[in-house]
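If you read the sequence shown in this note's numbering, its first letter stands for residue 2, the second for the next number, and so on. In what follows, a structure is listed as structure tokens, so that the remarks can point back to it.
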Amino acid sequence: MAVGHKDIIKNKSLFEVLNSKKLIMVDGIDFRRDDWQRWGLFHNVNIPPKDRFLRFGNSVQAIYACLNKLGVLITRELFVRDLIANQQLKVIGKTINNENFGYYLIYQNEYNSLYMKDFISWIKTHISHGFVDQNM
Numbered sequence: 002m003a004v005g006h007k008d009i010i011k012n013k014s015l016f017e018v019l020n021s022k023k024l025i026m027v028d029g030i031d032f033r034r035d036d037w038q039r040w041g042l043f044h045n046v047n048i049p050p051k052d053r054f055l056r057f058g059n060s061v062q063a064i065y066a067c068l069n070k071l072g073v074l075i076t077r078e079l080f081v082r083d084l085i086a087n088q089q090l091k092v093i094g095k096t097i098n099n100e101n102f103g104y105y106l107i108y109q110n111e112y113n114s115l116y117m118k119d120f121i122s123w124i125k126t127h128i129s130h131g132f133v134d135q136n137m
């Protein structure tokens, strides 16, 4: 999802935001390098040239830059859920799923008990529903 500080995207169209603000990207992680291109294709908008990007090595740095009104960011909903709920950040455009993103559960086979099977079922359900249960 793309997010921006509420003050810098207030009353602006998607086009105005993309053409007036720096785009923040996480380039320290290979699978995040084309986030903006994927988002732009989904929204049918051209992404500005690379000189308009602020680059950070990890999501924490990028989120702080976004909170400090340095630009707008593509990130995982889980990382900014509370900031959106507290109205510090606002979602820009529509949220899209990255089909290349995956989760892995590693455990020892000797722990393949009913409890582990129940846990695996539970975690799959929550992942497929976007972790909507706040009481986890």
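Where is the CB? At the ideal position from N, CA and C, for every residue including glycine.
My output table needs one value for residue i: the three-state DSSP class, helix, strand or coil.
i, result
"D119", "helix"
"I10", "helix"
"I107", "coil"
"I25", "strand"
Which residue from the options puts its Cα closest to that of residue i?
i, options, result
"T76", "L42, M26 and D31", "M26"
"H44", "V61, L19 and N59", "L19"
"V4", "F57, L55, G72 and I121", "G72"
"T126", "Q109, S114, Y104 and Y108", "Y104"
"L106", "N87, Q89, I128 and Q88", "I128"
"K7", "R39, N87 and F80", "N87"
"R34", "L55, W123 and S21", "L55"
"D28", "V61, E17 and L115", "V61"
Once you ignore the five residues that flank residue i on each side, which residues in its own chain have a CB closer than 6 Å to its CB?
i, result
"E78", "M2"
"Q135", "For Q135, the pLDDT reaches just 45, beneath the cut-off of 50, and the residue's location in the model is therefore unreliable, although a value from the coordinates is still provided. For Q135, where only same-chain residues beyond five positions count, there are no Cβ hits under 6 Å."
"L74", "V4, I25, A63 and C67"
Please tell me whether residue i and residue j are closer than 9 Å, where the distance is taken between their beta carbons.
i, j, result
"K23", "R53", "yes"
"I85", "K91", "yes"
"N69", "I30", "no"
"G94", "L15", "yes"
"V81", "I64", "yes"
For residue i, which residues in the same chain have their Cβ closer than 7 Å to its Cβ, ignoring the five residues on either side in sequence?
i, result
"D119", "none"
"M150", "A question about residue 150 goes unanswered here, because the residues of the chain that appear run from 2 up to 137."
"Q38", "I48"
"I9", "K22 and K70"
For residue i and chain B, any beta-carbon pair shorter than 9 Å?
i, result
"L79", "Looking for chain B here will not work: only one protein chain is present."
### Query
Of all the beta strand (DSSP E) runs that stay within the bounds of the region 37 to 100, which reach a length of 3 or more residues?
54 to 57, 73 to 75 and 90 to 93
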